[in-house]
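Below you'll find the structure, written out as structure tokens, and then a few comments.
Number of protein chains: 2
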Amino acid sequence: MKSTSKRVVVVGGVAGGASAAARLRRLDEYAEITILERGQDVSFANCGLPYHIGGEIPARDALAVQTPESLTQMLDLDVRNLHEAVSIDREVKSVRVRKLQDGSEFDLAYDYLILSPGASPIRPPLPGLDNPKVLTLRNLQDMDAIIEQSQTAKHITVIGAGFIGLEVAEQFKHLGKNVSLVELQDQVLPQLDPEMAQAIEKEMKANGVEVITGDGIQSVKEDVDELKAKLASGKTLETDLIVLSIGVKPDSQLAKAAGLDLGPRGHIIVNEFQQTSDPTVYAVGDAVETKDGVFEGRINIPLGGPANRQGRIAADHINNPGKTRPYPGSLGTSIVRAFKLAAGITGYSEKRLKMAGQKYSSVIVTDFNHASYYPGAVPLTIKVIWNPETGIILGAQAFGLEGVDKRLDVVATAIRGKLTIEDLEHLELSYAPPFGSAKDPVNIAGFAAKNAEDGYVKTVKQIPDIDGLQIVDVRPPAICKCEPLGDVTFCIPLGALRKNLDKLDKTKPVLTVCKMGKSSYMAARILTQHGFDVLSLEGGTTTLVR
Amino acid sequence: MKSTSKRVVVVGGVAGGASAAARLRRLDEYAEITILERGQDVSFANCGLPYHIGGEIPARDALAVQTPESLTQMLDLDVRNLHEAVSIDREVKSVRVRKLQDGSEFDLAYDYLILSPGASPIRPPLPGLDNPKVLTLRNLQDMDAIIEQSQTAKHITVIGAGFIGLEVAEQFKHLGKNVSLVELQDQVLPQLDPEMAQAIEKEMKANGVEVITGDGIQSVKEDVDELKAKLASGKTLETDLIVLSIGVKPDSQLAKAAGLDLGPRGHIIVNEFQQTSDPTVYAVGDAVETKDGVFEGRINIPLGGPANRQGRIAADHINNPGKTRPYPGSLGTSIVRAFKLAAGITGYSEKRLKMAGQKYSSVIVTDFNHASYYPGAVPLTIKVIWNPETGIILGAQAFGLEGVDKRLDVVATAIRGKLTIEDLEHLELSYAPPFGSAKDPVNIAGFAAKNAEDGYVKTVKQIPDIDGLQIVDVRPPAICKCEPLGDVTFCIPLGALRKNLDKLDKTKPVLTVCKMGKSSYMAARILTQHGFDVLSLEGGTTTLVR
């Protein structure tokens, strides 16, 4: 017979909640741990849902990482799915629970309460958006409904081109559907800066997805068997099914009703040990606002990694506050694959820094994922952003066919270590021809950043509108001539530049351009030292927004 | 007409030397830069040599990253291949140069001298090792000779199972040769700890390579058309060709004769700006001893990445000492692919820490390279080593089929940032099912390390020899029964453990065991809390040395 050490109730049995319960059990065999989950499933693989829709993860069971039964068996947890926590009496430390199957209610006493309610897809109150053919994707049942309804659909519209919207659109295309992807902002992947997201947009289009940016859904009408989705521009899409993926809002009603402090956008405010304004009530995951991993201040990052690790901290703190290390903050590291291309971000984008009124510098470089002389080398583009006063890295974005995750992870680690762009120069990363290069793209980004800071080169990210600008395009002449980048373009390969200085007008500005941004830098160095006023195009033509 | 700013002579036109010259030219159009290279080629891809032998890099030209002509054209360098620097007169700042084609000599004056002599394969003075069928691999000509002589060879012996020896053995196997790989130490990849290297040994054997460890070459005899390689054990290998790959020694004779300070093993000592004991003479690359990236002290790391970046620093310092950032030290980050498996290291191994008399703790974990529910997930094993007093990470090793390079790079970055094992717990790495997991193996290593430090679990890396040890094997019973790990083994799945506690003897010690080291930890937590004296096997059966 075991005697109970403490009674812990966990509201929400996915990601953060499940992690908290599992960690707590490992720490304490004698705690009485109850998980209340209003849905059917606990601890399922949210991030895998799009991939089962597209058949890439063939077995639905693979997504049910744990079942109520397996959690009970492995972790001796009392798992109550289809049970909703309807109110909290913090005074008497008790949760009012409704059994969703029969509507009956009961009270559950706790010593500690962990809230992991998650976030729900936003469904704006627009005409027709309550149509049953307008679906959202949050759980296995949503996924089942999308799969069922999409069987006969020929055309599917995905609203929202963030990470999940892109994945869903890609997966529908794999199934041979006609897919329209609609995004309110002027770019796909609004989390990224536009020049870093456009490669993904091109990849979606190249694979047959109709991408509509800068336009939003206004209304939906059902007409016989078809939906007519009217966009703000006036354009109407005739479609069979709509998947809404325009973001999530925290499910914090329970916390709010219990009088816990919420942030400005309704997230549950927690301290560095995941405690809410009531220290016996913890909160974790998508619904909380926690420490920003880059700046002072608070942030909401609705992602699986932070949720899991926050759950662990809550359990640690309940078990032994003295041994618990504070949550260091979230960076929002994210990645998405769209067909063959990957793109992602860690830390702050230029857009967010502008909105936050922070000073920053940035650099974009393109280089190969591994030794260029080894077969299969493909280009990878990385943008690194730093504080110009301290050099400390604030964020990075990357896209490419291979190795994007690795570079994001390296920079995410560098941000955690408060490393500077100078430190990036000398990161000693693994190099053998199949895996990397003697100078990794991350090193190159450090070099480029320092070259700019040291005044060796002035760079631009797009072709500037400057009177009399002479573009020196050092790409192979055949390419230069086929794709002229401006009215006054000189096609001069790098090796011939020193001999052709007299062709250029020293009284007029020069922009050097190449495919990856390296030769243009070299050309800029030559021209600068010969007295020209030179700009070099960062990252090469890869990141030109055209 | 340009006027010369400074005269710089670079001795050695590969890796570090080529990088120094190229960077210096970009910084200074007006420097007079001469490269002296005693070999045929400059700036070739050393690390690619094994892959051309095996045909994986089909075109030999791909390895000639630059030619003397291309360097001259692109960088306006005076490149003299087949020119050997035979002596340095530091008094008058002049190098004596011999033209290898005709033996004539001349003097070359310098303002700054950069030495990048590299290192030569060690060829011990053993009987018969001077046989022309005993080859080493350093440059393109060595590679050509190996390719030519191996055409008719049926059996090839590779002596030395370090990174290059493994690559060469693997490539010969790809060509269908019979290959014996002989290593003096008791393991392949002696840079790694034995339990982290054995997977590579198994992979080599599984692919048909005869691996002989703990044995060394003693003599070679030629007998008709065959070599007889006699090993220390008495074993004789009948073979057609021997490739010696037992390490390198610095080519520092020129520096020594010039009176520059050398380290205990003959490496050129440089300061953090790559200056030798003569501040106008710089040295970079395989031949130098520079700052250790982990501890106080000095180290020689003969790798391409450090060489290239050291070359850059030398150029920066010659051009503008005030803007030059000191070299932060080398970690020795390395990786090798052997057939489908990769393995590598960054920072210190347990072996090296022992030799250095440093205190350390370590942990081994095994987990999947990406979300286990997404197709293609494969296990990856990582060992992290840290300072038990500060928690600061000292090194890591990893092996697996996918994602080894990424984890090594993350830890290499963490080492540069002086991060602790606690920081590893909360690295926020990119997660989408095809790329990672909500809890990356690096996070898991942090968790495991903290669990050990916090006293939640006592672990071992191998099965200990303890009287009365009860092994609780929580792998599926079928596997447990097929592969018993000790005399007293209980096959109890984790979910059934709490119900079977009475089967175990509380007065005797318990070892929990599973495949990946996670379930055994969970089992250990249950048993510990029920009053058992428990050890858990780290990393699972994957790293059992059997």
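Chains as they are written, first to last, in the numbering used here: chain Z, 513 to 1058; chain R, 513 to 1058. Quick reminder that beta carbons are idealized off the backbone N, C-alpha and C, glycines included. Owing to the predicted nature of the structure, the values given are computational and were not obtained by experimental measurement.
Cβ distance (whole Å) where residue i is taken to contact residue j below 8 Å
i        : j         : result
R/Thr925 : R/Phe911  : Incorrect: roughly 20 Å between the Cβ atoms, too far for contact.
R/Gln699 : R/Gln710  : 7 Å
Z/Pro976 : Z/Leu1047 : 7 Å
Z/Ala855 : Z/Ile712  : 5 Å
R/Thr669 : R/Thr751  : 4 Å
Z/Ile634 : Z/Ile758  : 5 Å
R/Gly817 : Z/Tyr943  : 5 Å
Z/Gly797 : Z/Ala527  : 6 Å
R/Ser628 : R/Gly841  : In fact, because the Cβ distance is near 19 Å, the residues do not count as touching under 8 Å.
Z/Ile876 : Z/Thr1040 : Contact doesn't hold; Cβ gap of about 20 Å is too wide.
Z/Glu862 : Z/Ile897  : 6 Å
Z/Asp540 : Z/Ser517  : 6 Å
R/Cys559 : Z/Ala883  : 7 Å
R/Asn820 : Z/Ala950  : 5 Å
Pick from the options that is closest to residue i, judged by C-alpha positions
i         : options                                  : result
Z/Gly566  : Z/Gly615, Z/Glu784, Z/Ala665, Z/Val680   : Z/Val680
R/Ile811  : R/Leu981, R/Leu843, R/Val793             : R/Leu843
R/Glu1088 : R/Val609, R/Arg849, R/Val896             : Summary: the structure shown does not reach residue 1088 of chain R, with chain R confined to residues 513 through 1058, and so no result is reported for it.
Z/Val1022 : Z/Val969, Z/Cys994, Z/Leu1056, Z/Ala990  : Z/Val969
Z/Val954  : Z/Thr1019, Z/Arg1010, Z/Leu583, Z/Gly915 : Z/Gly915
Z/Asp952  : Z/Pro838, Z/Leu941, Z/Gly672             : Z/Leu941
Z/Ile645  : Z/His667, Z/Gly907, Z/Asn651             : The question names Ile, but residue 645 of chain Z in the sequence shown is Lys. For Z/Lys645, the nearest C-alpha among the options comes from Z/His667.
R/Ser515  : R/Val522, R/Ala527, R/Ile545, R/Ala964   : R/Ile545
R/Ile983  : R/Gln730, R/Asn963, R/Glu965, R/Ile1004  : R/Ile1004
R/Glu738  : R/Ile754, R/Ala868, R/Asn593             : R/Ile754
Z/Gly677  : Z/Leu772, Z/Lys835, Z/Phe785, Z/Leu561   : Z/Leu561
R/Leu981  : R/Pro946, R/Thr1019, R/Leu1006           : R/Thr1019
R/Gly746  : R/Leu772, R/Glu707, R/Gly728             : R/Gly728
R/Ala533  : R/Glu568, R/Ile626, R/Ala621, R/Ile658   : R/Ile626
Z/Glu937  : Z/Val922, Z/Leu815, Z/Val782, Z/Leu620   : Z/Val922
R/Asp619  : R/Asn881, R/Ser632, R/Ile600             : R/Ile600
Z/Leu641  : Z/Gln870, Z/Asp1014, Z/Leu743            : Z/Leu743
R/Arg1058 : R/Glu707, R/Ile658, R/Val691             : R/Glu707
R/Asn1106 : R/Asp656, R/His1042, R/Ser731, R/Thr748  : This structure cannot speak to residue 1106 of chain R, because chain R is shown only from 513 to 1058.
Z/Val520  : Z/Tyr622, Z/Arg837, Z/Ala1008            : Z/Tyr622
Z/Glu1050 : Z/Leu1009, Z/Asn832, Z/Ala961            : Z/Ala961
Proximity test, residue i beta-carbon vs the ligand PLP heavy atom, cut-off 8 Å
i        : result
R/Pro988 : This structure does not include the ligand PLP; it has no bound ligands of any sort.
Interfacial residues, the stretch 879–890 of chain R to chain Z, with Cβ spacing under 7 Å
Ala883, Tyr885, Tyr886, Pro887
Contact list for the stretch 833–863 of chain Z against chain R, Cβ threshold 8 Å
Lys835, Arg837, Tyr839, Pro840, Ser842, Leu843, Gly844, Thr845, Ser846, Ile847, Val848, Arg849, Ala854, Gly856, Thr858
Ignoring anything shorter than 4 residues, give me the alpha helix (DSSP H) runs that lie fully in the stretch 860–899 of chain R, in order along the chain.
862–868
Got a sec: which bits of the stretch 1010–1039 of chain Z sit with their beta carbon under 7 Å from any beta carbon on chain R, in order along the chain?
Arg1010, Met1034, Arg1037, Ile1038
Looking at chain R, which residues of the stretch 535–564 of chain Z have a Cβ within less than 8 Å of any of its Cβ atoms?
Arg538, Leu539, Asp540, Glu541, Tyr542, Ala557, Cys559, Gly560, Tyr563
So, do the stretch 898–914 of chain R and the stretch 925–938 of chain R have three or more beta carbon pairs nearer to each other than 8 Å?
yes
Length-filtered (4 minimum) alpha helix (DSSP H) runs lying within the stretch 1007–1051 of chain R
1031–1041
Give the residues from the stretch 918–935 of chain Z that approach chain R closer than 9 Å (Cβ to any Cβ), ordered along the chain.
Lys918, Arg919, Leu920, Asp921, Val922, Val923, Ala924, Thr925, Ala926, Ile927, Arg928, Gly929, Lys930, Leu931, Glu934, Asp935
Counting pairs of beta carbons, one from the stretch 1023–1040 of chain Z and one from the stretch 718–735 of chain R, are three or more of them closer than 8 Å?
no
When Cβ atoms are compared, which residues of the stretch 583–610 of chain R fall closer than 7 Å to chain Z?
Gln585, Met586, Asp588
Quick check for students: name the residue ranges of the beta strand (DSSP E) that lie wholly in the stretch 741–798 of chain Z, counting only runs of 3 or more.
748–751, 753–756, 760–762, 793–795
If you measure beta-carbon to beta-carbon, which residues of the stretch 953–966 of chain Z are closer than 9 Å to chain R?
Val954, Asn955, Phe959, Lys962, Asn963, Asp966
Does the contact criterion of 3 or more C-beta pairs under 8 Å hold for the stretch 563–581 of chain Z versus the stretch 979–998 of chain R?
no
Name, going along the chain, the residues of the stretch 801–826 of chain R whose beta-carbon falls closer than 8 Å to a beta-carbon of chain Z.
Gly805, Leu815, Gly816, Gly817, Pro818, Ala819, Asn820, Arg821, Arg824
Any contact between the stretch 673–691 of chain Z and the stretch 786–794 of chain Z? By contact I mean 3 or more CB pairs, one from each, below 8 Å.
no
Which residues, taken in chain order from the stretch 515–529 of chain R, show a beta carbon closer than 9 Å to some beta carbon of chain Z?
Ala527
Quick check for students: name the residue ranges of the alpha helix (DSSP H) that lie wholly in the stretch 636–702 of chain Z, counting only runs of 4 or more.
652–662, 675–686
Report the start-end ranges of each alpha helix (DSSP H) in the stretch 533–570 of chain R that is 4 residues or longer and not cut off at the edges.
561–565
Residues of the stretch 685–710 of chain Z with Cβ closer than 7 Å to any Cβ of chain R, in chain order:
none
The stretch 939–950 of chain Z: which residues have C-beta closer than 7 Å to a C-beta of chain R, in chain order?
Leu939, Glu940, Leu941, Ser942, Tyr943, Ala944, Pro945, Pro946, Phe947, Gly948, Ala950
Using a Cβ cut-off of 8 Å, which residues of the stretch 1038–1053 of chain Z contact any Cβ in chain R, in chain order?
Ile1038, Gln1041, His1042
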